[in-house]
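Visitor:
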Amino acid sequence: MHGYSKDVYQGEARKMKPVLDHIGIAVPALEPALEFYGATLGLGEPIIRLIPELGLRLAFFDNPDGPIIELVEASGKTELRHGDVVVALEVEDLDAAIAQYRARGLKVHDQPATENLPLRRGWITKGAGHGTVVELCPKGAVAAFVRGTRG
Numbered sequence: 001m002h003g004y005s006k007d008v009y010q011g012e013a014r015k016m017k018p019v020l021d022h023i024g025i026a027v028p029a030l031e032p033a034l035e036f037y038g039a040t041l042g043l044g045e046p047i048i049r050l051i052p053e054l055g056l057r058l059a060f061f062d063n064p065d066g067p068i069i070e071l072v073e074a075s076g077k078t079e080l081r082h083g084d085v086v087v088a089l090e091v092e093d094l095d096a097a098i099a100q101y102r103a104r105g106l107k108v109h110d111q112p113a114t115e116n117l118p119l120r121r122g123w124i125t126k127g128a129g130h131g132t133v134v135e136l137c138p139k140g141a142v143a144a145f146v147r148g149t150r151g
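All residue numbers for the sequence shown refer to my numbering, where the first residue is 1 and numbers rise by one.
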């Protein structure tokens, strides 16, 4: 717990209270993965978003009854490898979450919005996240982007 007493840690956890927003899965190519996740697993038709400025092709399987599943094909600079999972947490206040995780000694990147991905997000790297990338997302922002009600 990075030097925090149990009471302090639990108090901060209650204040932050992140919840699962979506899961991202790194794939080497979208098309075969779309067949598997969409047809074979029955997740349906994906919503495709192209983010050329970041070298990303994204496919979102929207589920109104649960978290969104995102497939990530990356051709740009990334630490993601085939099969890696990104755990995306929804936070009430992105600035506060980034500050609190940094205060706990974590390396958190502040990812600005881009032209095709108009969402500012935070990232905890695989090294700091015990082998998993953790994405910090403002409440409701990813769902709005996927559903076309933002950006």
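Beta carbons: idealized from backbone N, C-alpha and C, even for Gly.
Taking Glu135 as part of the beta strand (DSSP E), name the residues at either end of that continuous run.
Guide: Val133 to Pro138 is the span of the beta strand (DSSP E), which, as asked, contains Glu135.
Visitor: Please report the distance separating the alpha-carbon of Gly42 from that of Phe36.
Guide: 8 Å
Visitor: Return no unless some Cβ of chain B is closer than 9 Å to the Cβ of Trp123.
Guide: No chain B is present in this structure, which holds just one protein chain.
Visitor: Pop quiz: Gly122 and Ala97 are said to be a contact at Cβ under 8 Å. What is the actual Cβ separation, rounded to whole angstroms?
Guide: 6 Å
Visitor: With distances taken from CA atoms, which of Pro138, Val85, Asp65 and Ile23 is nearest Asp93?
Guide: Pro138
Visitor: Grouping DSSP H, G and I as helix and E and B as strand, with all else coil, what is Glu53?
Guide: helix
Visitor: DSSP puts Ala141 in a beta bridge; with which residues?
Guide: DSSP, once it has assigned bridges, lists no residue as partnering Ala141.
Visitor: Go through its chain and collect everything with a Cβ distance to Ile51's Cβ below 8 Å, but skip five positions before and after it.
Guide: Arg57, Leu58, Thr114, Asn116 and Leu117
Visitor: For the alpha helix (DSSP H) holding Arg120, just list the boundary residues, first then last.
Guide: Segment: none, Arg120 is in no alpha helix (DSSP H) and carries neither H nor E.
Visitor: Cα-Cα, which of Thr149, Ala88, Ala141 and Ala103 is closest to Lys126?
Guide: Ala88
Visitor: Does DSSP classify Asp95 as helix, strand or coil?
Guide: helix
Visitor: Going by DSSP, what residue range makes up the alpha helix (DSSP H) through Glu31?
Guide: Residues Leu30 to Leu34.
Visitor: For His109, does the count of other Cβ atoms within 10 angstroms reach 16, so buried, or fall short, so exposed?
Guide: exposed
Visitor: Does DSSP put Ala26 in a helix, a strand or coil?
Guide: strand
Visitor: Per DSSP, which one or two residues make a beta bridge with Val72?
Guide: Ala26 and Leu58
Visitor: Can you give the beta carbon distance from Asp21 to Glu90, rounded, assuming they're within the 8 Å contact cut?
Guide: 4 Å
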